[in-house]
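Shown next, in structure tokens, is the structure this report addresses.
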Amino acid sequence: MHWEKLGIVYAPDERAPWAVSHAMVPTPFLLNDNTIRVFVTLCDANFVGRPVYVDVDARDPKKILGVGPGPLMDIGVPSAFDDNGVLTCSVTRLDDGRIFMYYAGFELGVKVRYKLLTGLAVSSDNGERFERVQQTPVLERSDSEMTFRGGPFVFREDGVFKLWYVAGSGWEMIDGKPMPVYVLKYAESSDGVQWPKEGRTVLDLTGSDEHGFGRPWITKSANGKYQLYYSIRRRSLRAYRLGYAESDDGIHWLRKDDEMGLDVTPGSFDSDAIMYSAVINVHGQTYCFYNGNEFGRDGFAVARLTSAQISA
């Protein structure tokens, strides 16, 4: 694949105390024929994130049409799994018009740095406001997924909610700092609310350098293949790079990371890291929204696909 980087779409502008820095994990959603609503998490001075939306032109995604007036929902109550941050990761519309927003709740730890579990919020007003389905995670911890059940992406197909997410329990020291270790797992649900206690591992770490994957994003090609866009965390870089894989069933993946074609740019906002790719096809064009250095410190960007020659 070859992408043309179009640059930063939206940068944090300190419009309010809850929007001092960052614009993390861009999550594009086709609101209507003219508008891509990009759900994104902005951070306060303490790096606590809350979700907002940025509407962009569906034919020119560098053109901002509007920014939501405030957080779509606040962080959780003290002691909740999301009391230190809400990171939108996946948004899907149901047949009745409601919108499900799956998010990673950020909770600080004492003996571990943090925990990430998945929550669900619902909008009945076309994505203007969201309310939690419950105060507890819809992906609660389990024996093999004690610390991480986050980074959710939900794909609805044939009446089934299909979920890909990152999961794990472990930490390891890398250059004197404890870093998480997690793999990509898969689960299914009939209603999008009740999920199995554990998922099936569908993408495992390879080699001695990888120690984690970032938020997965799934699309489906014209020939029926599942396409996985994800981020790879490596010990040697201590920063994310983008990966790509294909599958006939969404479970057995063939990694084609070298064919992703979207990498860091020296001297730019994504000079050290590139992550959280989210791909959307609209009006005959394919766009990839993503973050750069320090998890979106300078905002979120977009690239346009100019050619897609994936090997067989």
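In the working numbering, the protein residues as written are -6 to 305. C-beta: ideal position from N, C-alpha, C; glycine also.
What is the rounded straight-line gap between the Cα of Ala4 and the Cα of Phe293? For the purposes of this step, residue 4 is taken as the residue at position 11 of the sequence shown. For the purposes of this step, residue 293 is taken as the residue at position 300 of the sequence shown. Cα to Cα, Ala4 sits roughly 7 Å from Phe293.
From which residue to which residue does the beta strand (DSSP E) around Gly112 run? Position 119 of the sequence shown, counted from the start, is the residue given in the question as residue 112. Annotation: the continuous beta strand (DSSP E) that includes Gly112 extends over 107 to 116.
Apart from the five residues on each side of it in sequence, which residues of its chain come closer than 7 Å, Cβ to Cβ, to Asn286? Within the sequence shown, the letter at position 293 stands for residue 286. Non-local C-beta neighbours of Asn286 in its own chain, meaning closer than 7 Å and more than five positions away in sequence, comprise Phe262, Asp263, Ser264, Asp265, Ala266, ordered along the chain.
Pro10, buried or exposed, once every other Cβ within 10 Å from all chains shown has been counted against 16:
On the sequence shown, residue 10 is found 17 positions in, with the first residue counted as 1. Under this definition Pro10 is an exposed residue.
N- and C-terminal bounds of the beta strand (DSSP E) containing Gly207: The residue given as residue 207 occupies position 214 in the sequence shown. Looking at the DSSP string, the run of the beta strand (DSSP E) that includes Gly207 is 203 to 213.
Could you say which of Gly243, Asp242, Arg234, Gly260 lies nearest to Asp251 if we only look at CA atoms?
In the sequence shown, counting from the first residue as 1, residue 251 sits at position 258. Closest by alpha carbon: Arg234.
Coil, strand or helix - Gly289 by DSSP: Looking up residue 289 in the sequence shown gives position 296. Correct three-state label for Gly289: helix.
TODO: Can you check DSSP and say which residues form a bridge with Gly0?
DONE: In the sequence shown, counting from the first residue as 1, residue 0 sits at position 7. DSSP output for Gly0 lists Val295 as bridge partner(s).
Could you check what DSSP says for Asp136 in three-state terms: helix, strand or coil? Working through the sequence shown from its first residue, we reach residue 136 at position 143. Looking at Asp136 - three-state DSSP - the assignment turns out to be coil, as it is neither helix nor strand.
inquiry  = Can you find the residues in the same chain that come closer than 8 Å, C-beta to C-beta, to Ile244, ignoring five residues on each side of it along the sequence?
reply    = Here residue 244 refers to the residue found at position 251 of the sequence shown. Short of 8 Å from the beta carbon of Ile244, and not among the five residues preceding or following it, lie these beta carbons of its own chain, in chain order: Tyr179, Arg193, Val195.
Looking at the structure shown, is Asp50 part of a helix, part of a strand, or coil, going by DSSP? Start at 1 with the first residue of the sequence shown, and residue 50 comes out as number 57. Three-state DSSP puts Asp50 in a strand.
Integer Cβ distance of Tyr219 from Trp210, believed to fall under 8 Å: Locating residue 219 in the sequence shown gives position 226, counting from the first residue. Locating residue 210 in the sequence shown gives position 217, counting from the first residue. Not quite, the Cβ-Cβ distance comes to about 11 Å (not below 8 Å), so this is no contact.
### Query
Can you name, in chain order, every residue of its own chain whose Cβ lies under 7 Å from the Cβ of Glu191, other than the five neighbours on each side?
Within the sequence shown, residue 191 is the residue found at index 198, counting from 1. Residues Ser135, Ser137, Glu138 of the same chain have their beta carbon placed closer than 7 Å to that of Glu191, with the five preceding and five following residues left out of the count.
Query raised in the report: Secondary structure at Ala121, three-state DSSP: helix, strand or coil?
Result: Working through the sequence shown from its first residue, we reach residue 121 at position 128. This sequence places Glu at residue 121; Ala is not what is there. Correct three-state label for Glu121: coil.
Return the residue from the list Arg208, Glu133, Glu150 that minimises the CA-CA distance to Tyr269. Within the sequence shown, numbered from 1, the residue matching residue 269 stands at position 276. Comparing Cα-Cα distances from Tyr269 to each of Arg208, Glu133, Glu150, the minimum goes to Arg208.
Who are the near neighbours of Arg86 in its chain, counting only those whose CB is closer than 6 Å to its CB and skipping five residues on each side? Residue 86 sits at position 93 when you count from the first residue of the sequence shown. Ile92.
**Study point:** 8 Å Cβ cutoff met for Gln127 and Ala73
**Key:** In the sequence shown, counting from the first residue as 1, residue 127 sits at position 134. In the sequence shown, counting from the first residue as 1, residue 73 sits at position 80. Contact flag unset, no.
Review point. Can you list the beta strand (DSSP E) stretches of 3 or more residues lying completely in the segment 69 to 96, in chain order?
Key: Within the segment 69 to 96, the complete beta strand (DSSP E) runs of at least 3 residues are 79 to 86.
Review point. With 16 as the cutoff for other CB atoms within 10 Å, does Asn320 come out buried or exposed?
Key: Since the first and last residues shown for the chain are -6 and 305, residue 320 lies out of range.
Practice problem: Please go through the same chain and pick out, in chain order, the residues whose beta-carbon is closer than 6 Å to the beta-carbon of Lys(-2), but skip the five residues on each side of it. | Solution: Here residue -2 is taken as the residue at index 5 of the sequence shown, counted from 1. So the qualifying residues of the chain are Ala296.
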